[in-house]
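Working notes, structure below.
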Amino acid sequence: DWTSDSFVDQSVKSLRQRLGNDKVVMALSGGVDSTVAAILVHQAIGKNLYCIFVDNGLLRKDEFEQVLHSYQDMGLNIKGVDAKDHFYGLLSDLSEPEAKRKAIGKAFIDIFDQEAHLIEDVKWLGQGTIYPDVIESVSVKGPSATIKSHHNVGGLPDFMKLKVVEPLNTLFKDEVRAVGKTLGIDPKILGRHPFPGPGLAIRILGEITPEKVAILQEVDAIFIGGLRKWDLYKDVWQAGVMLLPVKSVGVMGDERTYESVVALRAVTSVDGMTADWAHLPYDFLAEVSNDIINKVKGVNRVVYDISSKPPATIEWE
Ligand code: XMP
């Protein structure tokens with residue numbers, strides 16, 4: 193019978209045996225999977241685990257600083273890297289979703305490669321891959337259809353020649369959370385919604401600019417903050433906001449406005465493969481919509497996405 197305690201015991205033992213005195217490098221995302229994987233490897237080999245957390249300029253508002261601090265508090269040997277300009281540079285003029293994903297994948301590898309080379313004699317790459325990622329990356333690569341190229345699986349360039357260690361690759365998400373709990377990780381971190389690797393880049397439809405990122409961060413913070421305030425956060429599987437490449441006419445005081453439209457998206461799901469739109473209370477939606485339009489300059493209309501997956505997807509790109 194599987195228990196998280198015995199999983200942790202056995203993993204730590206086998207990681208110690210496998211890794212010995214070797215150094216391991218790991219990129220952390222702030223998400224549940226990479227965090228749990230890192231803490232597990234850290235328990236096994238301590239300071240020989242070198243963690244890298246990249247600010248790609250596409251994270252949620254204040255997320256980089258907050259997550260970096262919580263990693264430091266957990267005792268990880270972690271380096272924060274500000275790579276915003278590199279990502280924005282490679283994304284400039286791109287508007288097609290897969291082109292954006294490719295550029296982000298490349299930017300990430302550039303930065304990771306640069307940082308990994310600073311670690312003398314590193315032998316292993318640690319990854320937070322979980323079982324559904326393994327399945328999905330097989331199906332994404334299959335002949336029938338490339339749905340979306342999830343850039344966080346298999347994106348390692350050959351020349352890095354690192355051996356790969358993926359301590360969670362037999363686990364489902366709920367098992368990963370149970371392991372995280374056993375490891376004593378903050379429940380707030382374990383309860384976080386999934387967030388896509390390409391971040392806000394695939395929630396800004398069309399071209400990305402730092403100004404659009406700033407607008408979307410504000411809107412997203414109001415929506416997510418509202419879900420927490422109304423105690424709805426844990427009832428939805430994932431939530432976020434899309435900044436649409438559409439302007440509409442509004443009125444503010446005596447003035448006509450002509451500003452952007454945002455779409456709120458919140459879904460219920462078990463694994464992200466299928467999803468239903470979350471039936472959030474009208475009073476909640478009304479408050480959030482008012483807050484957004486009153487507080488965020490550049491947005492004068494809020495809509496709520498009522499599409500299920502399939503045939504829609506969770507993200508709009
Ligand atoms: P979709 O939009 O395909 O998303 O219904 C399913 C889940 O995957 C996330 N997602 C991604 N995650 N890289 C990621 O790491 C990606 O390119 C990517 N695209 C979508 C999405 O947020 C949802 O949780």
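Heads up, the sequence shown is in the UniProt record's numbering, so the first residue is 193 and it goes up one at a time.
Where is the CB? At the ideal position from N, CA and C, for every residue including glycine.
Comparing the CB of residue i with every heavy atom of the ligand XMP, is any distance shorter than 7 angstroms?
i    : result
L501 : Note on identity: in this sequence residue 501 is Lys, with Leu being the wrong assignment. Checking the Cβ of K501 against the ligand XMP gives yes.
T505 : yes
Q202 : no
G398 : no
Q430 : yes
P390 : yes
R293 : yes
I394 : yes
P324 : no
G464 : yes
P386 : yes
Please list, in chain order, all residues of the same chain as residue i whose beta carbon is under 6 angstroms from its beta carbon, the five residues on each side excluded.
i    : result
W429 : V459, T460 and S461
V356 : L317
K489 : none
R457 : G432 and D497
E399 : S287
Y474 : none
Assuming residue i and residue j make a contact with CB atoms under 8 angstroms, what is their CB distance in whole Å?
i    : j    : result
T321 : N361 : 5 angstroms
S440 : N492 : 7 angstroms
E220 : I237 : Note that residue 220 is Leu in the sequence shown, not Glu. No, L220 and I237 are not in contact; Cβ-Cβ is about 16 angstroms, not under 8 angstroms.
K271 : I244 : 5 angstroms
P359 : A229 : 6 angstroms
Going by beta carbon distance, what residues of the same chain come within less than 8 angstroms of residue i, once the five residues before and after it are set aside?
i    : result
P503 : none
Taking the alpha-carbon of residue i as reference, which of the options has the nearest alpha-carbon?
i           : options                   : result
I414        : I301, N482, A299 and P437 : N482
N240        : A393, G490, E312 and E358 : E312
L283        : A455, S262 and P390       : P390
T466        : S499, G417, L251 and G223 : S499
L472        : E328, D302 and G418       : G418
D265        : T227, K253 and A236       : T227
D277        : G442, L436 and P402       : P402
L424        : I394, A299, V480 and D463 : V480
residue 597 : L435, D305, V438 and F364 : As displayed, the chain neither begins before 193 nor continues past 509, which places residue 597 out of reach and without an answer.
R208        : H234, W194 and V217       : H234
D463        : D325, G249 and T195       : D325
D427        : L260, E447 and D468       : D468
Q258        : G222, K315 and K373       : G222
E509        : L397, A406 and W422       : L397
Grab me the residues of residue i's own chain with a C-beta within less than 7 angstroms of its C-beta, minus the 5 sequence neighbours each way, in chain order.
i    : result
D201 : none
D274 : D247
L310 : none
R369 : V224 and L382
Where in the segment 348-406 do unbroken runs of the beta strand (DSSP E), each at least 3 residues long, occur, reported from the N-terminal end onward?
Runs of the beta strand (DSSP E) inside the segment 348-406: 355-357.
Which ranges would you report for the beta strand (DSSP E) in the segment 287-322 if only whole runs of at least 3 residues count?
314-318
Of all the beta strand (DSSP E) runs that stay within the bounds of the segment 223-258, which reach a length of 3 or more residues?
241-247
Going along the chain, which unbroken runs of the beta strand (DSSP E) with 3 or more residues stay wholly within the segment 408-486?
430-444 and 447-460
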